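Let me begin by presenting the structure, written as structure tokens, before commenting on it.
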Amino acid sequence: MTPFSWDHFIAMGGYAAYVWPSFALFFIVLIADYLSPGFRRRRQLRELRGRMARQAARQQRNPSVP
Amino acid sequence: MANWIPLWVHKLSSPPNFYRFAGVLRPWALALALMLGVVALYGGLVLAPADYQQGDAYRIIFIHVPSAWMSLFIYGVMAVAAFISLVWRIKLAEVVAMESAPIGAAFTFITLVTGSLWGKPMWGTWWTWDARLTSELVLLFLYLGVIGLYHSFEDRRQGARAAAFLAIIGIINVPIVHFSVNWWNTLHQGSTVRILGPSKMSSDMLWPLLTMMVATKFYYIASLFGRVRTDLLSLESGKDWVRQIAEKEGAR
Numbered sequence: 669m670t671p672f673s674w675d676h677f678i679a680m681g682g683y684a685a686y687v688w689p690s691f692a693l694f695f696i697v698l699i700a701d702y703l704s705p706g707f708r709r710r711r712q713l714r715e716l717r718g719r720m721a722r723q724a725a726r727q728q729r730n731p732s733v734p
Numbered sequence: 276m277a278n279w280i281p282l283w284v285h286k287l288s289s290p291p292n293f294y295r296f297a298g299v300l301r302p303w304a305l306a307l308a309l310m311l312g313v314v315a316l317y318g319g320l321v322l323a324p325a326d327y328q329q330g331d332a333y334r335i336i337f338i339h340v341p342s343a344w345m346s347l348f349i350y351g352v353m354a355v356a357a358f359i360s361l362v363w364r365i366k367l368a369e370v371v372a373m374e375s376a377p378i379g380a381a382f383t384f385i386t387l388v389t390g391s392l393w394g395k396p397m398w399g400t401w402w403t404w405d406a407r408l409t410s411e412l413v414l415l416f417l418y419l420g421v422i423g424l425y426h427s428f429e430d431r432r433q434g435a436r437a438a439a440f441l442a443i444i445g446i447i448n449v450p451i452v453h454f455s456v457n458w459w460n461t462l463h464q465g466s467t468v469r470i471l472g473p474s475k476m477s478s479d480m481l482w483p484l485l486t487m488m489v490a491t492k493f494y495y496i497a498s499l500f501g502r503v504r505t506d507l508l509s510l511e512s513g514k515d516w517v518r519q520i521a522e523k524e525g526a527r
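Top to bottom, those sequences are chains H and W. Its first residue numbered 669, the first sequence is counted upward by one per residue in the working numbering. Its first residue numbered 276, the second sequence is counted upward by one per residue in the working numbering.
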């Protein structure tokens with residue numbers, strides 16, 4: 669086996685233009701997929717806190733209404 | 276519900292319990308996926324020799340094939356969960372089915388694009404309307420259909436029911452994708468990795484491929500659990516346990 673060299677590795681035997689975009693796409697898509705529910709979750713909880721705060725304020729103004 | 280199902284399944288499938296369970300398991304699944312992924316990539320990109328016909332271009336296999344397997348595997352999970360949700364009306368099964376769809380679509384998209392990037396140098400074309408490629412494209416549209424149908428109803432659970440029907444009907448496409456290379460003449464190569472009988476691949480190349488397959492399975496668990504947790508919060512947003520979480524995270 670030939671010793672490892674970065675230039676050789678990056679060149680991918682002349683197929684760098686096909687191999688590296690494939691790997692880049694794989695990681696970009698999966699990272700985006702992994703992070704997206706976190707943003708959604710934060711927004712949902714923020715909205716829920718807003719609803720809870722409005723409900724609490726309403727109750728304080730008019731205690732007879734649930 | 277049927278009484279042959281053990282009690283812990285009942286307990287686990289209650290949304291607050293599953294929310295906690297998934298929260299504990301998710302980081303471990305991601306850590307395993309990353310570790311195995313790094314090992315597999317090292318094996319595939321550095322240790323494995325170049326292919327005698329395709330040179331280094333074949334290395335796309337280490338993401339293309341595991342992604343393709345995941346695109347079919349996730350469809351299977353989605354269809355089974357969809358079936359369970361329609362028959363027993365278990366909220367968790369519904370959420371698992373609906374949140375599997377975007378992950379499956381992501382893997383299908385990766386499969387199609389990396390396949391295209393691999394096809395250009397090897398076949399001389401980005402795309403051809405052959406059986407394997409076309410059925411995989413149909414798979415992507417099925418996933419997109421499930422996602423679209425789920426979100427096109429005002430009532431989320433009604434949307435999930437409609438989308439579950441589509442998911443179940445679409446399962447017919449999974450064997451078509453799998454066997455397309457045997458049933459039709461196609462440009463796409465046949466399977467090299469076999470569950471029954473010896474694989475037609477050198478072990479230097481096979482182990483990184485199989486390691487990547489396991490890594491993508493763990494990735495699916497990690498991603499699915501994150502999505503399910505978020506979806507459970509929004510489906511149960513009126514309930515006390517969700518309000519407690521909202522308050523706790525608001526205080527931070």
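Note that the Cβ used here is the ideal one computed from N, Cα and C, for glycine as well. Predicted model only: the values in this text are computed from it and were never measured.
Beta carbon proximity, residue i to chain W, threshold 7 Å
i	result
Arg711 (chain H)	no
Ser690 (chain H)	yes
Asp701 (chain H)	yes
Phe695 (chain H)	no
Own chain residues within Cβ distance below 7 Å of residue i, not counting five before or after
i	result
Val687 (chain H)	Met680
Ala490 (chain W)	Ala308, Leu311, Gly312, Ala315
His463 (chain W)	Asp405, Arg407, Leu408, Val456
Glu429 (chain W)	none
Among the options, the one whose alpha carbon lies nearest that of residue i
i	options	result
Leu417 (chain W)	W:Leu392, W:Ala376, W:Gly525	W:Ala376
Ala368 (chain W)	W:Ala490, W:Arg436, W:Met480	W:Arg436
Trp458 (chain W)	W:Gly434, W:Ala406, W:Asp479, W:Leu414	W:Ala406
Met488 (chain W)	W:Pro341, W:Gly445, W:Gly318	W:Pro341
Leu485 (chain W)	W:Val370, W:Arg504, W:Val468	W:Val468
Ala684 (chain H)	W:Trp401, W:Ala297, W:Val371, W:Leu320	W:Leu320
Phe358 (chain W)	W:Asp326, W:Gly445, W:Pro396, W:Trp344	W:Gly445
Lys492 (chain W)	W:Ser477, W:Arg301, W:Val452	W:Arg301
Asn292 (chain W)	W:Val452, W:Leu508, W:Gly394	W:Leu508
Val531 (chain W)	W:Ala343, W:Gly379, W:Ile335, W:Val284	Since the first and last residues shown for chain W are 276 and 527, residue 531 (chain W) lies out of range.
Neighbour flag for residue i against chain H, beta carbons, 7 Å
i	result
Ile335 (chain W)	yes
Asp331 (chain W)	yes
Leu508 (chain W)	yes
Pro396 (chain W)	yes
Ala315 (chain W)	no
Glu411 (chain W)	no
Ile446 (chain W)	no
Ile338 (chain W)	yes
Arg407 (chain W)	no
Chain-order list of residues whose beta-carbon lies under 6 Å from that of residue i (same chain, five-residue window excluded)
i	result
Asp506 (chain W)	Val370, Glu374
Amino acids of chain C, ordered along the chain, whose beta-carbon sits closer than 7 Å to that of residue i
i	result
Val299 (chain W)	Here chain C cannot be found, since the structure's protein chains are H and W.
Any chance the stretch 382 to 392 of chain W sits against the stretch 510 to 524 of chain W, with 3 or more Cβ pairs inside 8 Å? no
Assess, as a yes-or-no matter, whether the stretch 496 to 503 of chain W is touched by the stretch 697 to 708 of chain H under the definition of 3 or more beta carbon pairs within less than 8 Å. At 8 Å Cβ cutoff, the stretches touch.
Proximal residues, the stretch 714 to 733 of chain H versus chain W, C-beta separation under 7 Å: Leu716, Arg717, Met720
Short of 7 Å Cβ to Cβ, which residues in the stretch 382 to 394 of chain W face chain H? Phe384, Ile385, Val388, Thr389, Leu392, Trp393
For the 8 Å Cβ check, are there 3 or more pairs between the stretch 413 to 428 of chain W and the stretch 704 to 724 of chain H? no
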